[in-house]
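Structure first, then comments.
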Amino acid sequence: MRVNYSYLQEQFADSEAILHDIKGLLHTAQFTLGPPVQEFEESFARLCASRFAVGVGTGTDALFLALKAIGVGPGHEVISAPNSFIATTGAIVATGARPVFVDVGEDFCIDPARIERAIRKRTKALLPVHYSGCPAPMGPIMKIARAHKLPVIEDACQAISGAIDGKVTGSFGVAAGFSLHPLKNLNVWGDGGAVVTSDPKIHGRLKLLRNHGLQNRDQVEIFGYNSRLDTLQAIVANHLIKDAEKITNARIRNAARIDEGIRDLSGIVLPPRPHNVRQVYHNYMFQTRDRDRLLAWLLEHGVEAKIHYPIPLHLQKAARHLGYKKGDFPVAERQAKRIITLPVHQHLTDAQIDYMVDTIRKFYTR
Ligand SMILES: *Cc1c(COP(=O)(O)O)cnc(C)c1O
């Protein structure tokens with residue numbers, strides 16, 4: 001049996017309705033900031049329990065523009081986690097600010113107990129990541145942010161519809177960045193992203209920043225960028241957003257079935273699963289000392305497991321100028337050696353999940 005990581009061909013096997021609307025776009029030819037973008041922004045804001053959403057070119061831009069919108073720039077520092085996808089740190093660097101890393105906890109998210117030590121005069125914002133679809137501990141993070149009067153931007157690229165005590169990811173900080181990349185839980189046919197905020201001033205700045213700073217056709221308010229969500233992608237997103245809850249629930253259900261199948265194995269460590277937290281499983285990850293051998297075993301048996309990611313950000317060549325070294329973030333470094341990611345997507349069948357579980361069990365009980 002094969003268990004693939006990607007599900008895009010299945011997901012878009014029947015896309016007549018989307019293609020029909022795209023044909024409609026050809027008639028109106030409103031390719032940039034056409035009505036579907038606004039329609040998407042309204043429904044996405046609602047999904048994220050925020051007043052506003054602004055459609056942008058990518059998830060990376062969503063973070064970059066959110067940081068720009070709150071005034072982050074050269075001379076500033078932004079605190080984030082060293083185990084994320086490179087785009088989180090890339091967005092900070094793109095503003096001219098310096099990323100400052102804080103180690104993570106067993107939930108793969110920034111460890112609030114270590115944040116305060118990293119705050120300095122130059123600290124301008126906190127950028128926690130809801131990594132793997134697990135909401136970062138926003139209670140303690142927001143408490144620290146309030147005490148130090150620091151704005152929080154959430155990297156919610158992996159966490160559409162996550163929640164803590166019913167409060168959804170993206171609604172904690174002053175703004176949050178989301179990605180619509182094909183492999184994210186709410187995905188389009190290429191690149192796309194969105195920033196959500198409930199602050200009218202930030203909303204206004206974001207609308208300027210993504211569109212050259214243009215107040216209208218002739219007047220430029222500030223220097224900005226060209227990072228608009230394509231109308232075409234907004235059309236796809238408007239179809240997909242109707243399924244967002246179904247997709248999220250399918251992933252949660254699949255993850256619970258995997259949990260159930262492997263949690264008693266002494267060779268593996270599952271992340272915490274607190275009852276008040278809604279994890280949305282962009283990735284299903286756990287830790288094992290036998291990671292490399294388990295990965296090879298799974299691949300050999302047709303299960304397309306992956307590693308997110310084997311090299312932490314502070315040890316990447318690109319980050320050399322930041323001056324970090326091996327040993328600076330022991331938890332993230334240990335996890336980089338032990339984490340493994342299993343397919344958890346909404347198109348998995350129970351038979352595939354059970355096969356994956358059996359294959360893992362065989363590895364440990366052989
Ligand atoms: C995917 C992702 C991004 C960037 O999103 P893109 O749309 O690919 O630019 C940023 N942060 C995290 C945690 C991500 O997973």
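For what it's worth, the working numbering labels the leading residue of the sequence shown as 1, then goes sequentially.
Here a beta-carbon is modelled for each residue, glycine too, at the ideal position from N, C-alpha and C.
Keep in mind that this is a model prediction, so the values were computed, not measured.
Cβ neighbour criterion (16 or more within 10 Å) applied to His321: Position 321 of the sequence shown, counted from the first residue, corresponds to residue 321. Per the 10 Å Cβ criterion, exposed.
Per DSSP, cross-strand counterpart(s) of Tyr284: Counting from one through the sequence shown, the residue named residue 284 turns up at place 284. Leu342, per the DSSP bridge assignment.
Counting C-beta neighbours from all protein chains within 10 Å, is the total for Asp61 16 or more, i.e. buried, or is it exposed? Within the sequence shown, numbered from 1, the residue matching residue 61 stands at position 61. Taking all protein chains in view, the Cβ of Asp61 is crowded by 16 or more other Cβ atoms within 10 Å, so the residue is classified as buried.
Identify which residue in Lys68, Phe64, Pro99, Ile70 has its Cα closest to the Cα of Ser80. The residue labelled residue 80 in the question sits at position 80 within the sequence shown. Nearest of Lys68, Phe64, Pro99, Ile70 to Ser80, Cα basis: Pro99.
Below 8 Å between beta carbons: does that hold for Tyr364 and Gly302? Indexing the sequence shown from 1 puts residue 364 at position 364. Indexing the sequence shown from 1 puts residue 302 at position 302. No, Cβ-Cβ distance for Tyr364 and Gly302 is not below 8 Å.
For a test of the three-state rule: what should DSSP assign to Lys326, helix, strand or coil? The count along the sequence shown starts at 1 and reaches residue 326 at position 326. Coil.
Closest to Glu333 by C-alpha separation, out of Pro151, Lys317, Arg217, Pro82, would be which residue? Along the sequence shown, one-based indexing puts residue 333 at 333. Closest option to Glu333, Cα to Cα, is Pro82.
Among Asn254, Leu265, Lys317, Phe44, which has the Cα closest to the Cα of Arg366? Here residue 366 refers to the residue found at position 366 when the sequence shown is read from its first residue. When C-alpha distances from Arg366 are compared across Asn254, Leu265, Lys317, Phe44, the shortest belongs to Leu265.
Alpha carbon to alpha carbon, how far is Gln233 from Gly105? Give it in angstroms, no decimals. Looking up residue 105 in the sequence shown gives position 105. Looking up residue 233 in the sequence shown gives position 233. A direct Cα-to-Cα measurement between Gly105 and Gln233 gives close to 35 Å.
Glu42 to Asp290 span [Cα, whole Å]: Residue numbering aside, residue 42 sits at position 42 when the sequence shown is read from its first letter. Residue numbering aside, residue 290 sits at position 290 when the sequence shown is read from its first letter. Rounded to the nearest angstrom, the two C-alpha atoms are 46 Å apart.
Going by beta carbon distance, what residues of the same chain come within less than 6 Å of Leu348, once the five residues before and after it are set aside? Locating residue 348 in the sequence shown gives position 348, counting from the first residue. Within the same chain, and ignoring the five residues on either side of Leu348 in sequence, the residues whose Cβ sits closer than 6 Å to its Cβ are Asn254.
Going by C-alpha distance, which of Leu208, Gln219, Gln215, Asn238 is nearest Tyr225? Here residue 225 refers to the residue found at position 225 when the sequence shown is read from its first residue. The option with the nearest alpha carbon to Tyr225 is Leu208.
Backbone CA spacing between Thr248 and Ile340 [nearest angstrom]: Position 248 of the sequence shown holds residue 248. Position 340 of the sequence shown holds residue 340. Rounded to the nearest angstrom, the two C-alpha atoms are 21 Å apart.
In DSSP terms, what Glu106 is bridged to: Residue 106 sits at position 106 when you count from the first residue of the sequence shown. In the DSSP assignment, Glu106 forms no beta bridge with any residue.
Any heavy atom of ligand 1 inside 7 Å of the beta-carbon of Asp191? By 1-based counting over the sequence shown, the position of residue 191 is 191. It does: the Cβ of Asp191 is within 7 Å (strictly closer) of some heavy atom of ligand 1.
Identify every run of the beta strand (DSSP E) within the stretch 129-207, keeping only runs that are complete inside it and at least 3 residues long; order them along the chain. Every beta strand (DSSP E) stretch that sits fully inside the stretch 129-207 and reaches 3 residues is listed by chain position as 153-155, 175-179, 193-197.
Taking 7 Å as the limit between beta carbons, can you name the residues of its chain near Glu77, skipping five residues before and five after? Stepping through the sequence shown from its first residue, residue 77 is reached at position 77. Answer for Glu77: Ala97, Arg98, Val100, Arg120, Arg122, Thr123, Lys124, listed in chain order.
Hey, could you find the ends of the beta strand (DSSP E) Ala113 is sitting in? To locate residue 113, count along the sequence shown from 1; it is residue 113. Careful: Ala113 lies outside any beta strand (DSSP E) and carries neither H nor E.
First and last residue of the beta strand (DSSP E) that includes Pro99? In the sequence shown, the residue the question calls residue 99 occupies position 99. In this chain, the beta strand (DSSP E) harbouring Pro99 covers 98-101.
7 Å Cβ shell around Arg263 - same chain, five flanking residues per side excluded: Looking up residue 263 in the sequence shown gives position 263. Leu270, listed in sequence order.
Considering only residues of the stretch 33-66, which uninterrupted beta strand (DSSP E) runs meet the minimum length of 3 residues and lie entirely inside it, listed in chain order? Inside the stretch 33-66, DSSP marks whole beta strand (DSSP E) runs of 3 or more residues at positions 52-56, from first to last along the chain.
Buried or exposed: where does Thr88 fall if 16 or more other Cβ atoms within 10 Å of its Cβ makes it buried? Stepping through the sequence shown from its first residue, residue 88 is reached at position 88. Counting other Cβ atoms within 10 Å of its Cβ, Thr88 reaches 16 or more and is therefore classed as buried.
Would you say the beta carbon of Gly59 is closer than 7 Å to some non-hydrogen atom of ligand 1? Looking up residue 59 in the sequence shown gives position 59. Gly59 Cβ: within cutoff of ligand 1.
Alpha helix (DSSP H) segment containing Ala94, residue limits: Within the sequence shown, numbered from 1, the residue matching residue 94 stands at position 94. For Ala94, the enclosing alpha helix (DSSP H) has its first and last residue at 86-94.
What do you reckon, is the C-beta of Lys68 under 7 Å from a heavy atom of ligand 2? Looking for ligand 2 in the displayed structure turns up nothing; the ligands present are ligand 1.
Can you name the residues that DSSP bridges to Asn211? On the sequence shown, position 211 is the one that residue 211 refers to. DSSP output for Asn211 lists Asn226 as bridge partner(s).
Asn211 versus Leu8, Leu19, Thr32, residue with shortest Cα-Cα distance: Here residue 211 refers to the residue found at position 211 when the sequence shown is read from its first residue. Taking only the C-alpha atoms, the option nearest Asn211 is Thr32.
I'd like the list of long-range same chain contacts for Asp328, defined as Cβ closer than 7 Å, with 5 residues on each side in sequence excluded. Position 328 of the sequence shown, counting from 1, holds the residue named residue 328. Closer than 7 Å at the Cβ level, and outside the excluded window around Asp328, lie His314.
When you measure from the CB of Ala87 to every non-hydrogen atom of ligand 1, does any distance come out below 7 Å? Here residue 87 refers to the residue found at position 87 when the sequence shown is read from its first residue. At least one heavy atom of ligand 1 is nearer than 7 Å to the Cβ of Ala87, so yes.
Nearest by alpha-carbon distance to Asp165: which of Asp259, Val174, Ser198, Pro274 is it? As a first step, residue 165 must be located in the sequence shown, where it is residue number 165. For the set Asp259, Val174, Ser198, Pro274, the Cα lying nearest the Cα of Asp165 is the one of Pro274.
Ile307 versus Gln279: straight-line alpha-carbon distance, rounded: For the purposes of this step, residue 307 is taken as residue 307 along the sequence shown, with counting starting at 1. For the purposes of this step, residue 279 is taken as residue 279 along the sequence shown, with counting starting at 1. Taking the straight line joining both Cα atoms gives about 19 Å.
What does the Cβ neighbour count give for Gly55, buried or exposed, with the cut at 16 atoms within 10 Å? To locate residue 55, count along the sequence shown from 1; it is residue 55. Using a 10 angstroms sphere on the CB of Gly55, the tally of other CB atoms reaches 16 or more, which defines it as buried.
Looking at C-alpha atoms only, which residue of Ile70, Val102, Gly90 is the closest neighbour of Tyr324? Locating residue 324 in the sequence shown gives position 324, where the first residue counts as 1. Among Ile70, Val102, Gly90, the Cα nearest to that of Tyr324 is on Val102.
Tell me, please, whether the stretch 129-136 touches the stretch 157-177 by the rule of three or more beta-carbon pairs shorter than 8 Å. Taking 8 Å as the limit for Cβ pairs, the verdict is that the stretch 157-177 does touch the stretch 129-136.
Segment limits, alpha helix (DSSP H) that includes Lys78: Translated into the one-based positions of the sequence shown, residue 78 becomes position 78. The amino acid at residue 78 is misidentified as Lys; the sequence shows Val. Val78 -> not in any alpha helix (DSSP H); beta strand (DSSP E) instead, spanning 77-80.
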